[in-house]
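*Asks:* Take a look at the following structure, please.
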Amino acid sequence: MKSILHLKFIILYIIFGFLCVFTTATLTNELIMNGLEEDISQSLYREATLISNNYLPSYFSEDASIWAVQSQLIAMRLYLNSSLWFVTPDGSLITSSNIGGTTAPRTIENFDPAEIGNSQYITGTYHDYFDEDFITVMAPVTQGFSTKGYLLIHHPVSDIKKQCSLLMRPVYITLAVIFGLSFIFLLGFHFFVYRPLRQITEAAKQYAMGNLDYAIPVHSHDEMGYLSASLNFMSVQLKDMDDYQKKIVANVSHDFRSPLTSIKGYVQAITDGTIPPELHEKYLNIILFEVERLTDLTTDLLTLNEFDTKELLLDKTTFDIQEVIKNTALSFEGVCTPKHISIQLLLLPDEVFVCADKRKIQQVLYNLIDNAIKFSENESSVFVEVSGKNDKIFVSVKDQGIGIPKKELNKIWERFYKSDLSRGKDKKGTGLGLAIVKEVIQAHDEHINVVSTEGVGTEFIFSLSKASQDPVK
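Under our numbering, residues 249 to 721 are what the sequence shown spells out, in order.
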């Protein structure tokens, strides 16, 4: 297909060149030839009129001999490169001066001074006295208000053609240069525009067919190169997104399949009597636990979907962050009591107002405190501390749990990620809690950091913007 297009391109270019040469050789040559004929004929007519008015009348007044007239005509023949005939009104030759092998007849047959008409000149062999075309002009010689004779000047058309050829030579050279430059331009267009555009088009087709591994082999430092680099980057991002989606689907499928399999097995066992009635309550509690896992997973996925679809709208208000911390900590009383875990609140003496989305910040605190409790040992403490610096408020959630290995610190923000140390304790976790925390904090244009030591504990610290003024109570 490409070779056919290239062949068509070459054929069109050759046809274009042929038309340019043909047009120049015909139209331009004809225009120049006509222009030269007009210009030379006018010049010859002026010279003929000048000689007829100033020199030839003296012949009829016998002030100049025939030899003097002959000498004048010879001089003008050399100057004009033309044949000059001095004739009587009836066409009889008085004297002449001829160029080349031409000769003047003794009498011009059917001589008619009016045959030239208003055009001032005629072109042809002039009554077949010449073997080639000549331009002929005629001027009357008058004396005493009467016409005594005529001066005819014959200039060869071949001489005009030679001049035309000399003028056409630079035209042809210019045309050849233009043709060569256009060929170079077309080559540049082919290599720098057409070929890259074809490769980009092919890449678009490959991406449309799902081949995101296709890379555009264009590396120039121009707009085409920039477009190619952008499309290559887009394909990498799409491939990463595709891989990420496949990973998400696989993880979600796994996390849904496990509890659903448990629920189905226990329900069937209860239904067919495999599990005796006295154990129904035990296994119904297990089923309830798995249902809660599915509910939490669904809720977390919907929350993350808000970030992925860029539809998250923060409802920022001014509120007391310490009040939110107190209320969130109270919600864990039922979880902390069986494990004998205490939540220590290290708050500032005055109210601390921040500007943020209250509901989402409460979710961040819930997730962080929930994680801290899950991974804390029995009879330990979880510390929640508030501090301020300049226009920022910092909230710290610190536990005395199992800690996070250093090599896994950068992975904890990934969706569905669970460290090897957490798998034994986080039975109900979805692996989405910290991903939600980071998304919420980044949506507020704030930062969150983690410091952890294995066997000692973990501390999460995030920042919030201090409110510019306290809310009116």
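Each residue gets a CB set at the ideal place from its N, CA and C atoms; glycine is no exception.
Small disclaimer: the values here were computed from a predicted structure and weren't measured.
#1: Closest to Ser-289 by C-alpha separation, out of Ser-716, Cys-584, His-403, would be which residue?
#2: Which residue from Asn-615, Val-600, Thr-585, Thr-543 puts its Cα closest to that of Thr-576?
#3: Taking C-beta to C-beta, are Leu-332 and Leu-321 nearer than 7 Å?
#4: Spell out the partners DSSP gives Glu-529 in its beta bridges.
#5: Using the C-alpha atoms, what's the distance from Pro-418 back to Pro-305?
#6: Taking the alpha carbon of Phe-266 as the reference point, which residue from Leu-423, Tyr-303, Pro-525 has its own alpha carbon closest?
#7: For Ser-330, which option in Cys-412, Ser-468, Gly-349, Ala-316 has the closest C-alpha, if you only look at C-alpha atoms?
#8: Rounded to the nearest angstrom, what separates Leu-445 and Thr-272 at their Cα positions?
#9: State the DSSP-derived secondary structure class of Gln-722, mapped to helix, strand or coil.
#10: Taking only the alpha-carbon atoms, compute the straight-line gap between Glu-559 and Pro-524 and give it to the nearest angstrom.
#11: What does the alpha-carbon distance come out to for the pair Ser-713 and Glu-694?
#12: Taking the straight line between their C-alpha atoms, what separation do you get for Thr-390 and Gly-428?
#13: Just verifying my parser: in three-state terms, what is the DSSP assignment at Lys-659?
#14: On the DSSP letters alone, give me the boundaries of the alpha helix (DSSP H) that Gln-648 sits inside.
#15: Which of the three DSSP states is assigned to Gln-304 in this structure?
#16: Compare the beta carbon distance of Tyr-398 and Val-335 with 7 Å and say whether it is the shorter of the two.
#17: Given this structure, state the Cα-to-Cα distance separating Val-405 from Ile-364, to the nearest angstrom.
#18: Where DSSP assigns a beta bridge to Leu-536, which residues make up the other side?
#19: Closest by CA to Met-386, which one among Ser-624, Leu-298, Val-688?
#20: Tell me which residues share the same chain as Ile-511 and place their Cβ nearer than 8 Å to its Cβ, disregarding the 5 neighbours each side in the sequence.
#21: So with Cβ pairs under 7 Å, would you call Ile-347 a contact of chain D?
#22: For Lys-646, count neighbouring C-beta atoms within 10 Å of its own C-beta (all shown protein chains included) and say buried if the count is 16 or more, exposed if not.
#23: Which residues does DSSP pair with Ser-344 in a beta bridge?
#24: Could you spell out the range, first to last residue, of the alpha helix (DSSP H) harbouring Gln-454?
#25: From which residue to which residue does the alpha helix (DSSP H) around Leu-682 run?
#26: Tell me whether Thr-274 is buried or exposed, calling it buried when 16 or more other Cβ atoms sit within 10 Å of its Cβ.
#27: Whose C-beta lies closer than 6 Å to the C-beta of Lys-396 among residues of the same chain, with five residues either side of it excluded?
#28: Name, in chain order, the residues that DSSP records as bridge partners for Glu-707.
#29: To the nearest angstrom, report how far apart Asp-490 and Ser-468 are at their CA atoms.
#30: In terms of alpha-carbon separation, which member of Ala-683, Ser-624, Phe-710 lies closest to Lys-640?
#31: Going along the chain, which residues of its own chain have a beta-carbon closer than 7 Å to the beta-carbon of Ile-518, five neighbours each way excluded?
#32: Where are the beta strand (DSSP E) runs, 3 residues long or more, that stay fully inside the region 408-437, in chain order?
#33: Just verifying my parser: in three-state terms, what is the DSSP assignment at Leu-400?
#34: Nearest by alpha-carbon distance to Arg-607: which of Val-600, Ile-573, Lys-487, Glu-599 is it?
#35: Measuring straight from C-alpha to C-alpha, what distance separates Gly-582 and Ile-589?
#36: Hey, Ser-644 and Glu-633: beta-carbon distance below 7 Å or not?
*Replies:* Let's see:
#1: His-403
#2: Asn-615
#3: yes
#4: The partner list for Glu-529 (beta bridge, DSSP) is empty, contrary to what the question assumes.
#5: 45 Å
#6: Leu-423
#7: Gly-349
#8: 35 Å
#9: This structure gives no information on residue 722, because the portion of the chain shown stretches from 249 to 721.
#10: Below a pLDDT of 50, predicted positions are generally treated as unreliable, and Glu-559, at 49, falls in that range; the measurement from the model is reported next regardless. About 50 Å.
#11: Whole-angstrom Cα-Cα distance: 8 Å.
#12: 59 Å
#13: coil
#14: Premise fails: Gln-648 is in no alpha helix (DSSP H) and is neither H nor E.
#15: Reading off the sequence, residue 304 comes out as Leu, not Gln. If DSSP states are grouped into helix, strand and coil, Leu-304 belongs with coil.
#16: yes
#17: Approximately 17 Å, taken between the alpha carbons.
#18: Per DSSP, none; premise fails for Leu-536.
#19: Leu-298
#20: Around Ile-511: Ile-535, Glu-538, Val-539.
#21: Of the protein chains in this structure there is only one, and it is not chain D.
#22: Looking at its Cβ environment, which holds 16 or more other Cβ atoms inside 10 Å, Lys-646 is buried.
#23: Trp-333
#24: Under the DSSP assignment, Gln-454 falls in the alpha helix (DSSP H) whose first and last residues are 443-456.
#25: The continuous alpha helix (DSSP H) containing Leu-682 extends over residues 681-691.
#26: Exposed, by the Cβ-count rule.
#27: Phe-308, Val-389
#28: Lys-646, Val-699
#29: 28 Å
#30: When each option's Cα is compared against that of Lys-640, the closest is Phe-710.
#31: His-528, Tyr-531
#32: none
#33: Of the three classes helix, strand and coil, the one that applies to Leu-400 here is strand, per DSSP.
#34: Here the closest residue by C-alpha is Ile-573.
#35: Straight across, the Cα-Cα distance linking Gly-582 with Ile-589 is about 10 Å.
#36: Closer than 7 Å, so yes.
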